Amino acid sequence: MKCAADYRGFPADVTITFETTSDWLNAMPSPAHLALLALLAAGVPTVAQQLEPEQASLLETAREAAIRYSASLPDFLCTEVVRRTQDPQGNGRGRSMDTLTVKLSYFDHKEDYKLMQIDGKPTLLEFLYVGGTLSTGEFGTRLYSVFDPRSQGDFRWKGWTTLRKRRVARFSYRIARENSIFQIQYGPISSGPNAIVVPYHGEVFVDDETHMVLRLTQQAEIPENFPINANESTIDYEFAAVGGKQYLLPSHAYVRTKSGKYVAENNVEFRQYRKFQSEATITFDAPPDK
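Take 342 as the starting number for the sequence shown in my numbering and just add one per residue.
What follows is the structure, encoded as structure tokens:
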């Protein structure tokens, strides 16, 4: 996930350096200055003692399926629609900020974002310089990272539940700080006191029939004295056919970030999936409530 600082009011070719958080705040034209850089890596599930053998086996199968899925995911294009709201006072009276239309390319297991429209109007702005909170990593990257062998995730059984009329197993997980490379960044500078590595936790919802992850949540564990108070996200995945094959693809994502009283929320839809050099498209039903 990445989030870009709000550079509105500054020429595009200006390099801005802020020595302190107050300098950053004073220079920004609105509370939409939130900047968040989250570089994710989670881990292979260390089977906790709380898991019964059947549960541990299901989790291991899900891990193998996620790794295999990410490795075999073909190159895609899709349209990402980001509806952003902001609540400056944190009193539940959020208002619409804008709607971004983004061309998202997934090529050679890497994501690239090209901003096409803001509120339906063409723009030449770069995606990460449009301002406000911007998430990345939902397409292919994060699902793999949760099961990456390097973070030694601690997984626990949460029971069975139903998600979109499917029976799913629910697991919680946590990545300790010493195994995390999840970096939270406040402001435009990626080093110094306003960029920290944090532990994080969340849940995975594993389909009983396919053993694929249908929902992934994540919540950063941020120190109290850091300018960003909270960051949490949810990604929903759905199966879709492209070229006669089934792929598990993001259909919807939700991101919530809090800094002081200010709250930013992004609701993201992924539309018109198509394979490179193909006109095949995918249409999802209306995304479920988060």
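For every residue, glycine included, the Cβ atom is placed at its ideal position computed from N, Cα and C.
Quick caveat: nothing in here was measured; it's all calculated off a predicted structure.
Problem - Alpha-carbon to alpha-carbon, R507 and G473 - result: Locating residue 473 in the sequence shown gives position 132, counting from the first residue. Locating residue 507 in the sequence shown gives position 166, counting from the first residue. G473 and R507: Cα-Cα distance of roughly 35 Å.
Practice task
Identify whether L414 lies in helix, strand or coil by the three-state DSSP scheme.
Solution key: To locate residue 414, count along the sequence shown from 1; it is residue 73. Note: L414 maps to coil in three-state DSSP.
Exercise for the section: Just grab the DSSP bridge partners of L456 for me. Expected result: Position 115 of the sequence shown, counting from 1, holds the residue named residue 456. In DSSP, L456 forms a bridge with V443.
Exercise for the section: Compare the Cα-Cα distances from S398 to each of N607, Q559, F512 and R518 and report the closest residue. Expected result: Residue 398 sits at position 57 when you count from the first residue of the sequence shown. Closest option to S398, Cα to Cα, is F512.
Exercise for the section: Starting from the N-terminal side, write out each stretch of the beta strand (DSSP E) that is 3 residues or longer and does not extend beyond the stretch 469 to 555. Expected result: 494 to 504, 507 to 516, 524 to 526, 536 to 538 and 541 to 548
Problem - Where R434 falls: helix, strand or coil (DSSP) - result: Numbered from 1 along the sequence shown, position 93 holds the residue referred to as residue 434. Here R434 sits in coil by DSSP.
Handout entry: Rounded Cβ spacing between P540 and I516 (contact assumed at less than 8 Å)
Key = As a working note, residue 540 is residue 199 in the sequence shown. As a working note, residue 516 is residue 175 in the sequence shown. Going by Cβ atoms, the distance from P540 to I516 rounds to 6 Å, so yes, they are a contact pair.
Practice task
Leaving out five residues on either side along the sequence, give the residues of the same chain with a beta carbon under 6 Å from the beta carbon of A403.
Solution key: Numbered from its first residue, the sequence shown carries residue 403 at position 62. Result list for A403: V547 and H552, in chain order.
Problem - Between the CA atoms of F488 and S521 - distance to the nearest angstrom - result: The sequence position of residue 521 within the sequence shown is 180, counting from 1. The sequence position of residue 488 within the sequence shown is 147, counting from 1. Those two C-alpha atoms are separated by around 13 Å.
Problem - Sheet register partners of E579 (DSSP bridge) - result: For this step, residue 579 is matched to residue 238 along the sequence shown. The partner list for E579 (beta bridge, DSSP) reads L590.
Problem - Reduced DSSP secondary structure (H/G/I, E/B, other) of E395 - result: The sequence position of residue 395 within the sequence shown is 54, counting from 1. Here E395 sits in helix by DSSP.
Handout entry: R615, DSSP secondary structure in three states
Key = The sequence position of residue 615 within the sequence shown is 274, counting from 1. The answer is strand: DSSP assigns R615 an E or B state.
Practice task
Look at the Cβ atom of L414, then the Cβ atom of Y447, and state whether they are nearer than 9 Å.
Solution key: Position 73 of the sequence shown, counting from 1, holds the residue named residue 414. Position 106 of the sequence shown, counting from 1, holds the residue named residue 447. It is a contact, given that the beta carbons lie within the stated cut-off.
Handout entry: Y470 versus L456 - alpha carbon distance
Key = The residue given as residue 470 occupies position 129 in the sequence shown. The residue given as residue 456 occupies position 115 in the sequence shown. C-alpha separation (whole angstroms): 10 Å.
Practice task
Rounded to whole angstroms, what's the CA-CA distance from Q396 to L465? Just pull it up for me.
Solution key: Here residue 396 refers to the residue found at position 55 when the sequence shown is read from its first residue. Here residue 465 refers to the residue found at position 124 when the sequence shown is read from its first residue. Straight-line Cα distance between these residues: approximately 50 Å.
Exercise for the section: Examine the Cβ distances between the stretch 599 to 615 and the stretch 421 to 428 and report whether three or more of them are shorter than 8 Å. Expected result: yes
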